[in-house]
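A short worksheet on the structure shown next.
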Amino acid sequence: MQKYRSLPFYLLILILFTMCLACGCAILQRNEFRAIASGENWRVRLVKYNSGSEVVKKGGFEHPFNISLAKLNNILAGIYVEDNHVVGKKARRKLFPNKVRRVLLKPLQDAFSQAQPDEVIDFSFMQGKSFLWIFNHDLFTSGIFFKKDGKLNLVMRVVSYQCDNYQTAVRQFVSDPTQRALSNDWNFVLMPGMSLKKYKKGKFGFFQENYYSNWLILDLDRVYEPVKSTVKDFEKAVTPPPVVEQQKEPEDFRPHGQTVVAPTVPKTVDDPETRRKLQVLRELYNSGAISRSTYERKKDELLSP
């Protein structure tokens with residue numbers, strides 16, 4: 000009899016264990032990822048957050064949306080940060096340096112055009128010897144983009160974080176950066192058309208700041224011009240010599256603010272897919288993402304029988 004009387008007790012334990020397991024699974028919902036493009040020290044992907052702040056879980060983003068490479072390049076080129084622990088005049092630097100934009104520009108454009116209303120654009124890159132060849136150590140940067148209420152939102156997890164290698168850093172910094180304001184040693188430099196995200200009233204206490212220091216909102220209706228800097232954004236222009244057969248053409252550089260127009264797409268191309276690829280190639284060249292020689296080489300490859 001004692002044996003049968005203990006059955007309800009074990010049954011109750013089993014029910015409680017099942018309920019706890021179900022609650023745990025509900026709380027720890029896994030986020031969903033869609034790859035766009037990646038390299039050794041960079042990655043662009045789409046993320047659907049099933050856990051995180053109400054902003055990312057609720058979604059409702061204005062995705063997908065199309066943006067030209069030239070406009071995206073101007074927006075990214077105009078985003079600056081500065082160290083907030085420096086005494087005196089603070090040195091500002093581009094969040095997306097020129098060579099970083101050359102790598103990320105097209106993948107970001109593709110991500111914006113493919114994102115769904117419940118997905119954000121997640122990006123990360125590392126500046127170091129193996130990526131930009133200008134630093135003595137590796138600096139990791141990571142954040143997300145999304146469009147909401149007609150504005151482009153950029154929320155950073157970390158900026159120029161010194162790390163051992165990209166793979167370690169990309170596993171360490173994966174959380175939703177909109178959950179709370181981060182304690183940063185850097186600040187965004189606010190330009191016309193840019194603002195910081197405001198806190199909801201009373202969200203973080205009376206004595207805290209009223210803005211998320213890591214959350215930048217950009218007006219997409221504004222025409223963004225390249226921002227002047229104490230560091231040259233582009234090398235001095237070199238006028239390419241006339242094309243001579245079997246002569247290698249020098250790399251194409253353009254000065255700050257100068258637009259170089261690529262040759263038009265040949266009208267004799269009948270294949271729609273080839274014409275589309277040629278048009279994308281032309282946009283990449285006009286935006287400064289590729290050089291003149293690269294443009295000509297890729298165009299010849301597309302037109303070759």
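Numbering (numbering that gives the first Met the number 0), first residue to last: 0 to 304. Built from N, CA and C at the ideal position, the CB exists for glycine as well. None of the values given here were measured: they were computed from a predicted structure.
Anyone know if the C-beta pair for residue i and residue j falls short of 8 Å?
i	j	result
Val102	Trp185	no
Pro96	Ala36	no
Asp141	Phe172	The amino acid at residue 141 is misidentified as Asp; the sequence shows Ser. Yes, Cβ-Cβ distance for Ser141 and Phe172 is below 8 Å.
Leu283	Leu75	no
Asn30	Tyr48	yes
Asp137	Gly127	yes
Phe60	Lys146	yes
Val80	Val158	yes
Leu309	Lys276	This structure cannot speak to residue 309, because the chain is shown only from 0 to 304.
Leu94	Ile78	yes
Gln108	Ile66	yes
Gln178	Gly51	yes
Val169	Ser123	yes
Could you tell me the boundaries of the alpha helix (DSSP H) in which residue i lies?
i	result
Glu272	271-285
Leu94	Per DSSP, Leu94 belongs to no alpha helix (DSSP H) and is neither H nor E.
Glu53	53-57
Which stretch, first to last residue, makes up the beta strand (DSSP E) that contains residue i?
i	result
Val46	41-47
Ser37	31-38
Ile216	210-218
Does residue i come out as helix, strand or coil in the three-state DSSP assignment?
i	result
Ser174	coil
Ile12	helix
Asp117	coil
Ser303	coil
Cys24	In this prediction, Cys24 has a pLDDT of 45, which is less than 50 and means its spatial position is unreliable; what the coordinates show is noted afterwards. The answer is helix: DSSP assigns Cys24 an H, G or I state.
Ser290	coil
Tyr198	coil
Asp137	strand
Ser159	strand
Phe60	coil
Tell me, to the nearest whole angstrom, how far the beta carbon of residue i is from that of residue j; I am working on the premise that it is less than 8 Å.
i	j	result
Gln113	Leu45	7 Å
Met125	Phe139	5 Å
Val55	Val119	6 Å
Asn152	Ile216	6 Å
Pro63	Phe111	7 Å
Ile210	Tyr198	Looking at the sequence shown, residue 210 is not Ile but Tyr. The pair is a contact, with the Cβ atoms about 7 Å apart (cut-off 8 Å).
Check the DSSP bridge columns for residue i and list the partner residues they point to.
i	result
Asn186	Glu81
Phe144	Ile120, Leu153
Ile74	Beta-bridge pairing links Ile74 to no other residue.
Gln126	Leu138
At a cut-off of 7 Å, would you count residue i as near the ligand ZN, judging by its Cβ distance to the nearest heavy atom?
i	result
Tyr160	The ligand ZN is not part of this structure, which contains no ligands at all.
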